[in-house]
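Remarks on the structure that follows.
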Amino acid sequence: YETDTEVSYTVVADEGQTSFREGPLTETYGYNGSYLGPVLQVRRGQQVHINLQNKLEEETTFHWHGLKIPSDVDGGPHHAIEAEGRAEVDFTVDQEAATLWFHSHAHQKSAEQVYNGLSGLIFVEDEHSDSLDLPKEYGVNDFPLILQERFFDEDNQFNYDTVYNFDGTTGDTPLVNGTIRPYIEVGQEWVRLRVVNGSNARNYQLRLSDESFFYQIATDGGFLETPVERKEFPLSPGERAEIVVDMSKYKVGEEVSLVDISTTEILALQITGDKSGSLKPLPEKLNDLPPVEADSLPDRQIEMSGMGHKVTLNGRKFYLERIDFTVEQGKKEVWDIAVPNTSMMMGDMPHPFHVHGVQFRILSRNGSPPEAYEAGWKDTILVPPGEAIKIEIEFSQPGIFMMHCHILEHEDNGMMGQILVE
Ligand code: C2O
Ligand code: CU
Ligand code: CU
324 YETDTEVSYT
334 VVADEGQTSF
344 REGPLTETYG
354 YNGSYLGPVL
364 QVRRGQQVHI
374 NLQNKLEEET
384 TFHWHGLKIP
394 SDVDGGPHHA
404 IEAEGRAEVD
414 FTVDQEAATL
424 WFHSHAHQKS
434 AEQVYNGLSG
444 LIFVEDEHSD
454 SLDLPKEYGV
464 NDFPLILQER
474 FFDEDNQFNY
484 DTVYNFDGTT
494 GDTPLVNGTI
504 RPYIEVGQEW
514 VRLRVVNGSN
524 ARNYQLRLSD
534 ESFFYQIATD
544 GGFLETPVER
554 KEFPLSPGER
564 AEIVVDMSKY
574 KVGEEVSLVD
584 ISTTEILALQ
594 ITGDKSGSLK
604 PLPEKLNDLP
614 PVEADSLPDR
624 QIEMSGMGHK
634 VTLNGRKFYL
644 ERIDFTVEQG
654 KKEVWDIAVP
664 NTSMMMGDMP
674 HPFHVHGVQF
684 RILSRNGSPP
694 EAYEAGWKDT
704 ILVPPGEAIK
714 IEIEFSQPGI
724 FMMHCHILEH
734 EDNGMMGQIL
744 VE
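Take the numbering used here: the last position of the sequence shown gets the number 745, and nothing is skipped along the way.
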């Protein structure tokens, strides 16, 4: 059921078989279906009730990535639901409109379970997003795109164990919403793409095949202050970006693609329905972001280092019984997040840093203020070797929250820590 003040969902993790390509079906995991999951639509202020069911033969968790909710309902590794188990979670949505997602966070099993298909989407809307004149007809001019990549063996199976990589399992076949080489039909209007990097490890660098400009309108946790004109955007695992593309400049029958610079076509957009008349301009103002204190001194340092099985967060590996530090609820902190650029021997690589239960802001990258397109709310940020990123972060909810690298194999290998908020 769904009302203005309450909404209820049932989310079932189960095994399934999925037809990705010709030949045998692929053994997969999914939520309420054989692969991936539903879009949970929630509104700011709403009370959300979710029935969770685990029909898998192993334990799992249901983590709501990006939601500002208390840790006892956030589905981190402490909240395993055993095989054939059930649970219920209740929370109130207390954050602005954004595209979030959910996925398994089972202890040392997240990477494999997500690879097998356990992720889905959460759309948060609010009165402000209702009032903005942006494309919002789902499947018509507003499309979520979960980007992933997979290897298929000769029997069309994922075979995670065989293709497993310590530094993040990749793939040679791009999938969008579980489909290989998909296309969508769009009209000659603004088209909104809510892009989610749901890959275990891959960093995308996305652009349009004809290199035309588009506008980025949102980051992980909400709208940017104004639309930002761009030609290309990066997206690391766990991150989201929303863009709007002017499709009115193409003719009916034409096609343009979203492509990843390092590989191939991700998604084709085919122009079909014509909409006559000229395109309305995008809203000039999308959000009122609170100002940040750019020169605040850091309260804490966080360092992600190593590769392979040597990955650590602040020199240590994750331990379920250890709190790494305590933060005061409702108090702003400044964190310096860095990845060293040390010897070739040690090996360092870019790590997408993610924190549960919170949305933060970037203050600087190596001392320089963030670009306009990353000045909005973030919950995941790619930290390249040799770079230090300063963020402002404030937890509004109490409990024990995870911070970790969103290369899921790194997370499972211990590049994760726990923050106690009280
Ligand atoms: Cu998207 Cu701790 O995860
Ligand atoms: Cu998360
Ligand atoms: Cu990492």
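Positions of the beta carbon are idealized from the N, C-alpha and C atoms, including for glycine.
Taking the DSSP output, what are the residues bridged to residue i?
i, result
"R367", "Note: R367 sits in no beta bridge, so no partner."
"K701", "F683"
"Y506", "A591"
"K713", "D659 and S687"
"A524", "Paired residue(s): none; A524 is not in a bridge."
"T492", "The partner list for T492 (beta bridge, DSSP) is empty, contrary to what the question assumes."
"G545", "T542"
"L643", "Its beta-bridge partners do not exist; DSSP assigns none."
"E578", "Q593"
"T374", "Just to set this straight, residue 374 is Asn in the shown sequence, not Thr. Answer is T333 and E411, bridged to N374."
"T351", "G339"
Under a Cβ-count criterion, where at least 16 other Cβ atoms within 10 Å of its own Cβ denotes burial, should residue i be classed as buried or exposed?
i, result
"F536", "exposed"
"Q431", "exposed"
"R684", "buried"
"A429", "buried"
"N736", "buried"
"K701", "buried"
"L423", "buried"
"N523", "buried"
"R409", "exposed"
"H388", "buried"
"L550", "The displayed chain sequence assigns Pro, not Leu, to residue 550. The residue is buried, with at least 16 neighbouring Cβ atoms inside 10 Å."
"Q340", "exposed"
"T351", "buried"
"R309", "The shown model of the chain, from 324 to 745, leaves out residue 309, and the question about it has no answer."
"S394", "buried"
"A434", "buried"
"V396", "buried"
"L590", "buried"
"S452", "buried"
"L620", "exposed"
"L686", "buried"
"Y696", "buried"
Using a Cβ-Cβ cut-off of 6 Å (strictly less than) and excluding sequence neighbours within five positions of residue i, which residues of its own chain qualify?
i, result
"P557", "Q528"
"G561", "P675, H677, T703 and H729"
"N526", "S559"
"S290", "Outside the displayed span of the chain (324 to 745) sits residue 290, for which this structure offers no information."
"D647", "G740 and Q741"
"G670", "M630"
"P663", "S628 and D671"
"T333", "N374"
"D465", "P458, K459 and R515"
"E588", "S580 and V582"
"E448", "R366 and A420"
"I566", "L516, F537 and Q539"
"Q364", "F446"
Do the CB positions of residue i and residue j come within less than 8 Å of each other?
i, j, result
"Y573", "I540", "no"
"K603", "V657", "no"
"P675", "L705", "yes"
"V519", "P467", "yes"
"Y358", "A336", "no"
"E710", "R688", "yes"
"V514", "L592", "yes"
"E732", "F489", "yes"
"R504", "I584", "no"
"R563", "R623", "no"
"K391", "V568", "no"
"K598", "E512", "yes"
"E411", "Q369", "no"
"T493", "Y483", "no"
"G399", "F385", "no"
"R344", "F475", "yes"
"Q480", "T349", "yes"
"P347", "D478", "yes"
"H401", "I723", "yes"
For residue i, collect the residues of the same chain with a Cβ closer than 7 Å to its Cβ; drop the 5 residues on either side in sequence, then sort them by chain order.
i, result
"L498", "Q471, E472 and R473"
"E552", "F536 and Y538"
"V437", "H426, S427, N523 and L731"
"S571", "Q511, E512 and L602"
Counting only the same chain and skipping the five closest in sequence on each side, list residues whose C-beta sits under 8 Å from that of residue i.
i, result
"Q652", "F718, S719, Q720, P721, V744 and E745"
"E450", "R367"
"P707", "V662 and P673"
Quiz item: Below 8 Å, can you find three or more Cβ-Cβ pairs linking the segment 415-431 to the segment 525-545?
Solution: Taking a cut-off of 8 Å on C-beta distances, the segment 415-431 touches the segment 525-545, as three or more cross pairs fall below it.
Practice problem: Evaluate contact between the segment 455-471 and the segment 371-378, counting only Cβ atoms and requiring at least three cross-stretch pairs below 8 Å. | Solution: Three or more Cβ pairs closer than 8 Å define a contact, and the segment 455-471 falls short of that threshold against the segment 371-378.
Exercise. Inspect the CB distances between the segment 636-648 and the segment 677-697 and report whether three or more fall short of 8 Å.
Key: In short, these stretches do not touch, since the Cβ pair count stays below three.
Quiz item: Does the count of Cβ pairs from the segment 437-453 and the segment 620-636 closer than 8 Å reach three?
Solution: The count of Cβ pairs closer than 8 Å, one atom from the segment 437-453 and one from the segment 620-636, stays below three, leaving the stretches out of contact.
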